Amino acid sequence: MTGKSRGTMLTVSWYTFTAMLHKDVLVRLCAIRQEFRQRYSSLLDRLAITRAPVMVLTVYNPCFDGHGMDATYQRAGESAISIFNDVIQREAHCRSFNILELRTLFIDHTDYANPIEPSAIGGTKLAKAMNAWVRTIPLEDSDAHQR
Numbered sequence: 000m001t002g003k004s005r006g007t008m009l010t011v012s013w014y015t016f017t018a019m020l021h022k023d024v025l026v027r028l029c030a031i032r033q034e035f036r037q038r039y040s041s042l043l044d045r046l047a048i049t050r051a052p053v054m055v056l057t058v059y060n061p062c063f064d065g066h067g068m069d070a071t072y073q074r075a076g077e078s079a080i081s082i083f084n085d086v087i088q089r090e091a092h093c094r095s096f097n098i099l100e101l102r103t104l105f106i107d108h109t110d111y112a113n114p115i116e117p118s119a120i121g122g123t124k125l126a127k128a129m130n131a132w133v134r135t136i137p138l139e140d141s142d143a144h145q146r
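Quick note: the sequence shown, position 20, residue 19 per numbering that gives the first Met the number 0, numbers continuous.
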């Protein structure tokens with residue numbers, strides 16, 4: 000076997016190994032999503048039984064940019080979070096629940112106190128959005144569920 004063919008075989012083996020690793024990661028993410036879907040669906044089913052107005056919140060993106068981490072962390076975090084948000088949105092939609100999309104609410108660095116927690120500014124935005132939703136609930140709906 001020539002050096003060139005050995006090198007080619009090593010390259011093919013490396014790509015095969017790398018592809019297997021990527022596949023394993025995707026299979027694991029799929030399992031995580033499925034487990035989350037089962038638990039989240041069960042929770043929403045219990046809420047639906049109450050017939051109370053329900054608003055679910057998506058998971059907001061992290062803010063790794065500007066906190067000493069490079070852009071790959073941001074992209075990876077957003078990709079992982081999208082797996083959960085897909086479940087949240089689909090399951091809420093199936094039950095006609097309201098959805099507050101936090102990825103569109105927390106859009107500025109000032110919305111974050113650190114890479115994964117809202118700041119006072121972000122918290123205020125969240126409180127205002129939730130308050131606006133609560134104010135849309137007809138009074139008779141809120142009275143019926145307080146009994």
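No residue lacks a Cβ here, since even glycine has one placed at the ideal position from N, Cα and C.
Since we're looking at a predicted model, the values are computed, not measured.
Put simply, the region 94 to 108 touches the region 43 to 61. At least three CB pairs are less than 8 Å apart. The C-alpha of tyrosine 111 is placed about 11 Å away from the C-alpha of threonine 123.
In chain order, Phe83 and Val86 place their CB closer than 7 Å to the CB of phenylalanine 35, counting only its own chain and leaving out the 5 sequence neighbours on each side.
Scanning its chain for C-beta atoms nearer than 7 Å, with the 5 sequence neighbours on each side dropped, one finds around glutamate 77 the residues Asn60, in chain order. At a Cβ-Cβ threshold of 9 Å, arginine 102 and valine 133 do not count as neighbours. Between proline 117 and leucine 125, the CB-CB gap stays under 9 Å. Assignment of valine 53 by DSSP, reduced to helix, strand and coil, places it in the coil class. Here DSSP, grouped into helix, strand and coil, assigns tyrosine 59 to coil.
Between histidine 108 and aspartate 64, the C-beta spacing is below 9 Å. Apart from sequence neighbours up to five positions away, the residues of its chain that approach phenylalanine 105 with a beta-carbon distance below 6 Å are Tyr59 and Gly121, ordered along the chain.
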